[in-house]
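S.K.: So that we are looking at the same thing, I have put the structure below in C-alpha cells.
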Amino acid sequence: MAGRRLDVVGQDFFPAYVVWELTLRCDLACRHCGSRAGVARPDELDTTEALEVVQQLAELGAREVVVIGGEAYLHDGFLEIVAALAKAGITPVMTTGGRGVTAQLAADMKAAGLQRVSVSIDGLEPTHDRMRAYRGSFAAATAALDHCRAAGLDITANTNVNRLNRHDLEGLYEHLRDHHIRAWQIQLTTPLGRAADRTEMTVQPWDLLTLVPTIAALKERAFADGIVVMPGNNLGYFGPEEALLRSPSRGGRDHWQGCQAGRFVLGIESDGAVKGCPSLQTTAYVGGNLRSQSLREVWDTTPELGFTRSRTVDDLWGYCRECVFAESCLGGCSFTAHAISGRPGNNPYCHFRARDFAKRGLRERLVPREPAPGRPFDYGVFDIVVEAMGSDEPSLDDGALVQITRRAQRQR
Amino acid sequence: MRSCPECHGFVPSAQRACPHCDHTLPTAPAGEGGFLSRVGVGLMASSTAMTLMACYGAPCPDEDSCGDGGSAGPLEETCDLMTPTEDLGVDAPVNVSGTLTTEGSNVGSCGGAGGEMVYTWTPPSAGTYTISTEGQLDTVLYVRDAVADACGVELACNDDEPGATTSSLTLDLTGEPIAIVVDGFSDGTAGDFTLSIQGS
Chain A
1 MAGRRLDVVG QDFFPAYVVW ELTLRCDLAC RHCGSRAGVA RPDELDTTEA LEVVQQLAEL
61 GAREVVVIGG EAYLHDGFLE IVAALAKAGI TPVMTTGGRG VTAQLAADMK AAGLQRVSVS
121 IDGLEPTHDR MRAYRGSFAA ATAALDHCRA AGLDITANTN VNRLNRHDLE GLYEHLRDHH
181 IRAWQIQLTT PLGRAADRTE MTVQPWDLLT LVPTIAALKE RAFADGIVVM PGNNLGYFGP
241 EEALLRSPSR GGRDHWQGCQ AGRFVLGIES DGAVKGCPSL QTTAYVGGNL RSQSLREVWD
301 TTPELGFTRS RTVDDLWGYC RECVFAESCL GGCSFTAHAI SGRPGNNPYC HFRARDFAKR
361 GLRERLVPRE PAPGRPFDYG VFDIVVEAMG SDEPSLDDGA LVQITRRAQR QR
Chain B
413 MRSCPECHGF VPSAQRACPH CDHTLPTAPA GEGGFLSRVG VGLMASSTAM TLMACYGAPC
473 PDEDSCGDGG SAGPLEETCD LMTPTEDLGV DAPVNVSGTL TTEGSNVGSC GGAGGEMVYT
533 WTPPSAGTYT ISTEGQLDTV LYVRDAVADA CGVELACNDD EPGATTSSLT LDLTGEPIAI
593 VVDGFSDGTA GDFTLSIQGS
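Chains as they are written, first to last, in the working numbering: chain A, 1 to 412; chain B, 413 to 612.
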C-alpha cells in the first residue's frame, strides 16, 4: 500500500491521510482531551453508515485511516469497519488509550486487518495516571502495547507534551523502547477542549527553547535504537533542529511546509461532520455532514475544507506575517493558532519565534482572556503578552489541574 | 530554502544572513546553480515531500510506510467514566441512602481512596445548596461539573466537616448538572450513608 509521505507542493489535493473519530464514547476522561471524550455524541454514525463512508474514502483515494475516539473499539462496528478499510485497500491504523485493549481484542484487530496501533502514553506512571485521571491507566496502556505486539501488530506510541510531563520524556522513551515501539510521535498539548480548562498545564512559548532540543536529542538517540521519533504538526518550526525533527530518516532535510488540513489530510467526527483535520475546532471548520452530503462534495466545494489550499502570506498576521519563514511555514498548525487567538495565521508555539524573542531578551506569555464554553474541540482566547525573559510567573502546583474557568461556581 | 553551512539551520532563499547564527551566506548568481553547486551536496535543503502527521497521531515507523525534577507530585484526582451513576433528578431537597464498598476507582482532590457512589443531579434553579453526608462512615465528598459527563472539572471537595468524619459542601450553583461523589476515606471504608441536598 502507498505510504503517507507525499509531495505536498503539488495541487492535486486528495484525502490521503484520514483521522476518523468512530465514537466520542471513551473509557477514560483525560484532563487534556481536546474532544472532551467520554459520552458518545447524540447522533453518531452507525455501522451501516460507517461502511458507506469507507467506500467514499476509497473512491477519493484515501491511503491511510487512523480510527480514534473516544475509543474506536467502543463503536459497535469497530472490527467490521477496520475490515472494510483493509478490504478497500486503505491502511487501517488505530490510536488508543489502551485501557480496553486485551490480548483477545488485539488478536481480533489483527485478524480484521488492522496494521498499526499507536498507544497514547503521556509520561511515566504517576504523570500519565494523573493526566489520564485514572490510576492504572499507565499499566493498561503498557499492556496494550504488549498485547498488540504479541498479536503481530506494528506498535507505536504518541505523547502529548506539556508542563506536567516534559521532564518525563527521557524516562518515557526508555520505557517505550523497552516495550519495542517502532515509532513515537510527540505533540504539544494545545489548550483545546479539557486542556483549555487547565491552562497552567500547557507549555508557554519560551518552554520550546529547551523542549525542542531535548526532543531532537531524543530523536538522535532513537535513530540508533531503530525507532523513529516524529513531531506532531504543532511542534517545531524552523529552529536549527528542524531538519532532524521533521525528517523520518537520518540525514533528511525535510521541513515544515504548511498546514495540510484539507489538502492531504481529512478529519471525520463520529456524527459524520467533516473537517480538514481531526483537531480543528468544530464550530469554525466543519464543512458538511456525511448524512446529507457526499464526501466528495464536502471535500471539493466547501470553504471550510479548502481554507489552506489558497493560503498565502497575506492570510497571516502578527509575528507570523513578518517572519522570514512565512512563505514556507504559513503560520504553522491551524488548530493550535486558532486555540490561542480564535483564528489561524499567528502561532506563538514556534521554536524559531521563541528563539528570536530570546535573542532580544524577551519572551511571549499566553494569558487566558476568555474561557472555553465546554464543548468538544472548543477553545478559549488568550492574550499574547511580550515580557522580559526571566519575568516572574505563577508556578505549576498541585491545584493546577483543578481549575474552574467556565462558570462562577465556588465553594463558600 | 537553503541550509546554513555554519549551523545547518534552514535559511529562506531571499535571506543573506542566517536567521539562526547570523552567518553571511553567498548570494546565488542569476542563471547559475549558484549556492547549491558551490557548497555541495548535503547542505541544500528542502525536499518537496513531507510525512503527513496529525495530533492524535499514529506515526509512521519508517519512511517507506509512511514533573519538574522528574516528579509529577502526588497522585491526585481520578475519575472513572465506567463507574455507574445514579440520577437524582432535578428536585430539592434530596435524601438518598447508599452503601460504600471497599473497591473504587475515583479520587477527589481532597482524598477518597475507598469505594464510591456517583450521583448526577441538576439543581432546580440557580442558587446556594448544601450537600452533605450523614451516618457513621468516614466519607469524602466531591462535586464535579457534569454538563458533558460525570468526569468534568471538580468544583469542590470536602473530607471532614468540622468535628465529624462526615462531609459537607455549600456551593453556589448555576442550574447546570453536577456529579456528586460520595467516597470512602480509605480503602477499608465500607458501610451505609445518607446523602442530603438542601437549598437555602
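Built from N, CA and C at the ideal position, the CB exists for glycine as well.
Note that this is a predicted model, so its numbers are computed, not measured.
Identify, in the order they occur along the chain, each residue of the same chain with its Cβ nearer than 8 Å to the Cβ of residue 248 of chain A, setting aside the five sequence neighbours on each side.
M.R.: 5, 228, 230 and 254
S.K.: When the Cα of residue 368 of chain A is compared with those of A:376, A:155 and A:384, which residue comes out closest?
M.R.: When C-alpha distances from residue 368 of chain A are compared across A:376, A:155 and A:384, the shortest belongs to A:384.
S.K.: Distance, Cα to Cα, residue 516 of chain B vs residue 586 of chain B?
M.R.: Rounded to the nearest angstrom, the two C-alpha atoms are 29 Å apart.
S.K.: Are the segment 18-38 of chain A and the segment 169-187 of chain A touching by the rule of at least three beta carbon pairs closer than 8 Å?
M.R.: Result no; under three Cβ-Cβ pairs closer than 8 Å.
S.K.: Taking only beta-carbon atoms, is residue 417 of chain A less than 8 Å away from chain B?
M.R.: Here chain A covers residues 1 to 412 and nothing more, so residue 417 of chain A does not appear.
S.K.: Could you tell me whether the Cβ atoms of residue 97 of chain A and residue 120 of chain A are closer together than 8 Å?
M.R.: Between residue 97 of chain A and residue 120 of chain A, the C-beta gap is smaller than 8 Å, which places the two residues in contact.
S.K.: I want to see whether chain A comes within less than 8 Å of residue 597 of chain B, judged by CB atoms only; does it?
M.R.: no
S.K.: Taking beta-carbon pairs under 8 Å, can you tell me which members of the segment 205-216 of chain A lie near chain B?
M.R.: Answer in chain order: no residues at all.
S.K.: Give a yes or no on whether 8 Å exceeds the smallest Cβ distance from residue 471 of chain B to chain A.
M.R.: For residue 471 of chain B, a Cβ of chain A is located within less than 8 Å of the residue's own Cβ.
S.K.: Would you tell me roughly how many angstroms separate the C-alpha atoms of residue 455 of chain B and residue 438 of chain B, rounded to the nearest one?
M.R.: With a pLDDT of only 38 at residue 455 of chain B, under the threshold of 50, the placement of this residue in the model should not be trusted; the figure read from the coordinates follows. Taking the straight line from one Cα to the other gives about 13 Å.
S.K.: Give me the DSSP bridge partner(s) of residue 186 of chain A.
M.R.: A:159 and A:231
S.K.: Please list the segments of the alpha helix (DSSP H) lying wholly inside the segment 262-296 of chain A, counting only runs of 4 or more residues, in order along the chain.
M.R.: 282-285
S.K.: Compare the Cα-Cα distances from residue 199 of chain A to each of B:565, B:535, B:414 and B:423 and report the closest residue.
M.R.: Residue B:565 is the option with its Cα nearest to residue 199 of chain A.
S.K.: Give the DSSP-derived three-state secondary structure of residue 109 of chain A in the structure shown.
M.R.: helix
S.K.: Where residue 124 of chain A and residue 376 of chain A are concerned, what is the direct C-alpha to C-alpha distance, given to the nearest angstrom?
M.R.: 27 Å
S.K.: Residue 427 of chain B CB to nearest chain A CB: under 8 Å?
M.R.: Answer yes: the Cβ-Cβ gap between residue 427 of chain B and chain A drops below 8 Å somewhere.
S.K.: For residue 341 of chain A, count neighbouring Cβ atoms within 10 angstroms of its own Cβ and tell me buried if that reaches 16, exposed if not.
M.R.: It is buried - the Cβ of residue 341 of chain A has at least 16 other Cβ atoms within 10 Å.
S.K.: Please identify the residue among A:302, A:102, A:191 and A:135 whose C-alpha is closest to the C-alpha of residue 151 of chain A.
M.R.: A:102
S.K.: Does any residue of chain A have a CB that is nearer than 8 Å to the CB of residue 492 of chain B?
M.R.: yes
S.K.: Assuming contact is defined by CB atoms lying nearer than 8 Å, are residue 573 of chain B and residue 580 of chain B in contact in what I supplied?
M.R.: Cβ distance < 8 Å, so residue 573 of chain B and residue 580 of chain B count as in contact.
S.K.: Shorter than 8 Å from the beta carbon of residue 26 of chain A to some beta carbon of chain B?
M.R.: yes
S.K.: Going along the chain, which residues of its own chain have a beta-carbon closer than 6 Å to the beta-carbon of residue 287 of chain A, five neighbours each way excluded?
M.R.: 274, 298, 302, 304 and 305
S.K.: For residue 611 of chain B, which three-state DSSP category applies?
M.R.: Note: residue 611 of chain B maps to strand in three-state DSSP.
S.K.: What does residue 325 of chain A reach in chain B if we use C-beta pairs closer than 7 Å?
M.R.: 424
S.K.: Leaving out five residues before and five after residue 311 of chain A in sequence, what residues of the same chain have Cβ atoms less than 6 Å from its Cβ?
M.R.: 330
S.K.: Could you give the residue range of the beta strand (DSSP E) that holds residue 591 of chain B?
M.R.: 590-596
S.K.: What first and last residue would you give for the alpha helix (DSSP H) that runs through residue 306 of chain A?
M.R.: 303-306
S.K.: List the residues of chain B that residue 184 of chain A touches, going by C-beta distances under 8 Å, in chain order.
M.R.: 471
S.K.: Within 8 Å (strictly less), CB to CB, does residue 463 of chain B reach chain A?
M.R.: yes
S.K.: For a minimum of 3 consecutive residues, which ranges assigned as the beta strand (DSSP E) are wholly contained in the segment 330-386 of chain A?
M.R.: 362-370
S.K.: Give the list of continuous beta strand (DSSP E) stretches no shorter than 3 residues that lie fully inside the segment 97-143 of chain A.
M.R.: 116-120
S.K.: Could you check whether the Cβ of residue 230 of chain A sits closer than 8 Å to any Cβ belonging to chain B?
M.R.: yes
S.K.: To which residues of the same chain is residue 429 of chain B closer than 6 Å at the C-beta, ignoring the five residues directly before and after it?
M.R.: 436
S.K.: Is the Cβ-Cβ distance between residue 74 of chain A and residue 27 of chain A less than 8 Å?
M.R.: yes
S.K.: Hey, how far is the Cα of residue 529 of chain B from the Cα of residue 62 of chain A?
M.R.: 46 Å
S.K.: By the three-class DSSP mapping on this structure, what secondary structure does residue 539 of chain B have?
M.R.: strand
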